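Enquirer:
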Amino acid sequence: MKQHKKGLVVWLVIVAVLLVLSIAVGPSGEHEDVQIAMRDAVLHDVNRISLFGIRDVNPALISAMTVSAILLLAALVIRVFVVPRFSLVPGRFQMALETVVGLLDGMAGVAEPGKRTFIGAYVFAAGVYIFCSTLFELFGVQAVATNGRSVALPAPLSDVNAAICMGCMSYLVILFGGVSHAGLHGVKATLKEFSLPISMSFRLFGALLSGLLVTELVYHYAALSYVLPVIVGVMFTLLHALVQAYVLTMLVGMYYHEVSEKPKPKPKKEKRKTAA
Numbered sequence: 508m509k510q511h512k513k514g515l516v517v518w519l520v521i522v523a524v525l526l527v528l529s530i531a532v533g534p535s536g537e538h539e540d541v542q543i544a545m546r547d548a549v550l551h552d553v554n555r556i557s558l559f560g561i562r563d564v565n566p567a568l569i570s571a572m573t574v575s576a577i578l579l580l581a582a583l584v585i586r587v588f589v590v591p592r593f594s595l596v597p598g599r600f601q602m603a604l605e606t607v608v609g610l611l612d613g614m615a616g617v618a619e620p621g622k623r624t625f626i627g628a629y630v631f632a633a634g635v636y637i638f639c640s641t642l643f644e645l646f647g648v649q650a651v652a653t654n655g656r657s658v659a660l661p662a663p664l665s666d667v668n669a670a671i672c673m674g675c676m677s678y679l680v681i682l683f684g685g686v687s688h689a690g691l692h693g694v695k696a697t698l699k700e701f702s703l704p705i706s707m708s709f710r711l712f713g714a715l716l717s718g719l720l721v722t723e724l725v726y727h728y729a730a731l732s733y734v735l736p737v738i739v740g741v742m743f744t745l746l747h748a749l750v751q752a753y754v755l756t757m758l759v760g761m762y763y764h765e766v767s768e769k770p771k772p773k774p775k776k777e778k779r780k781t782a783a
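When the sequence shown is numbered by our numbering, its final residue is 783 and no position is left out of the sequence of numbers.
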């Protein structure tokens, strides 16, 4: 115990010294203004990228295409080479995969076997995409902008357009569940929640953007620290990846089953017999 305490004290002292030096010395060289950096993190209107001869492409679009390609390739490899080898006695990878599928399936609140195929598949795809796309920014993939500056590709969902697309797609999935299982009653129940795509979109966008802005501030005002930016970046990224994947899957599953429930028939009133 004493050795662990001494190690913890030494580590805290090193972090404190690095933080003090970073504040005292300040950033070295030319750095982008923090206001411009934070504005570009929201609007992506400064550091644009050229893609296939098309100039001024949003970096978040490059991130979304990269993450989508990686996930589709991984799904193809797992389906072709791994799934056929599954057995009754699961290995480590099979157990991990079944745990993730079962967890997201439980978040979707799937109760009836007839609803399992569609909503379970969508919730799994959406949860995995949100989690992996949020972790994408941790790798710090660099690209050269049209202005000659090297920029790190952001998380796809930190762009408001991607968050709105995810919210609208989830709303359409809920509407499909209402139409296919409850007919006109499901349509009415879904249209009552007209603000649902807006709330989903901006909840997802705001949560991811807050972590990005905090990380930007740390990198600009503690430029020489090799400890604090890493801790803050990893902490916010992992937290948002888990929380937002959990929140969206829970909301989609909850609303899907709410609008897909068929209305219960009203009990018939018994006619009172009048005495002759």
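We put the CB at the ideal spot given by N, CA and C, even for glycine.
Quick caveat: nothing in here was measured; it's all calculated off a predicted structure.
Excluding the 5 residues preceding and the 5 following Ser-657 in the sequence, name in chain order all residues of the same chain whose CB lies nearer than 7 angstroms to its CB.
Expert: Within the same chain, Ser-657 has close Cβ partners Gln-649, Val-651.
Enquirer: Bridge partners for Gln-649 per DSSP, in chain order?
Expert: DSSP lists Ala-659 as partners of Gln-649.
Enquirer: For Val-686, which of Glu-768, Gln-601, Leu-610, Pro-597 has the nearest alpha-carbon?
Expert: For Val-686, the nearest C-alpha among the options comes from Glu-768.
Enquirer: At which residues does the beta strand (DSSP E) containing Leu-679 begin and terminate?
Expert: Looking at the DSSP string, Leu-679 is not in any beta strand (DSSP E); the run it does join, the alpha helix (DSSP H), is 667–689.
Enquirer: By the three-class DSSP mapping on this structure, what secondary structure does Ser-557 have?
Expert: It is a strand residue.
Enquirer: Quick check on Val-520: does DSSP put it in helix, strand or coil?
Expert: Here Val-520 sits in helix by DSSP.
Enquirer: Would you kindly report the start and end of the unbroken alpha helix (DSSP H) that includes Val-584?
Expert: Looking at the DSSP string, the run of the alpha helix (DSSP H) that includes Val-584 is 566–584.
Enquirer: How many angstroms separate the CA atom of Gly-634 from the CA atom of Ala-752?
Expert: The straight-line gap from Cα to Cα measures roughly 5 angstroms.
Enquirer: With contact counted as at least three CB pairs below 8 angstroms, one residue from each stretch, are the segment 681–695 and the segment 573–588 in contact?
Expert: Verdict: no, contact absent.
Enquirer: Please identify the residue among Leu-758, Ala-670, Asn-565 whose C-alpha is closest to the C-alpha of Gly-713.
Expert: Nearest of Leu-758, Ala-670, Asn-565 to Gly-713, Cα basis: Ala-670.
Enquirer: If you drop the 5 nearest sequence neighbours on each side, which residues of the same chain put their C-beta closer than 6 angstroms to that of Val-667?
Expert: Once the five neighbours on either side are set aside, the close Cβ partners of Val-667 are Phe-712.
Enquirer: Val-574 and Pro-663: beta carbons closer than 8 angstroms?
Expert: Yes; because the gap between Cβ atoms is below 8 angstroms, this pair is in contact.
Enquirer: With a 10 Å radius around its C-beta and 16 neighbouring C-beta atoms as the bar for buried, classify Phe-646 as buried or exposed.
Expert: Exposed, because fewer than 16 other Cβ atoms sit within 10 Å of the Cβ of Phe-646.
Enquirer: How big is the Cα-Cα spacing for Leu-698 and Ser-665?
Expert: Looking at the two C-alpha atoms, the distance is approximately 27 angstroms.
Enquirer: Considering only their Cβ atoms, is the gap separating Val-766 from Ile-705 smaller than 8 angstroms?
Expert: No, the pair does not count as a contact, with Cβ atoms beyond the cut-off.
Enquirer: If we ignore side chains and look at the alpha-carbon of each, how far apart do Leu-755 and Ala-523 end up?
Expert: Distance between the alpha carbons of Leu-755 and Ala-523 is about 38 angstroms.
Enquirer: Measuring only the C-alpha atoms, how far is Ser-594 from Gly-690?
Expert: Taking the straight line joining both Cα atoms gives about 40 angstroms.
Enquirer: Can you list, in chain order, the residues of its chain with a C-beta nearer than 6 angstroms to that of Lys-513? Leave out the 5 residues immediately preceding and following it.
Expert: Here the set comprises nothing.
Enquirer: Alpha carbon to alpha carbon, how far is Leu-579 from Phe-559? Give it in angstroms, no decimals.
Expert: Their backbone Cα atoms lie some 21 angstroms apart in a straight line.
Enquirer: Leu-611 and Val-464 - do their beta-carbons sit closer together than 8 angstroms?
Expert: Given that the chain is displayed from residue 508 to residue 783, the structure contains no residue 464 and the question cannot be resolved.
Enquirer: On the CB-based measure, 16 or more other CB atoms within 10 Å of its CB, does Gly-693 come out buried or exposed?
Expert: Burial call: buried.
Enquirer: Can you tell which of Arg-599, Glu-605, Thr-641 has the C-alpha that lies nearest to the C-alpha of Ala-571?
Expert: Ranking the options by Cα distance to Ala-571, first place goes to Thr-641.
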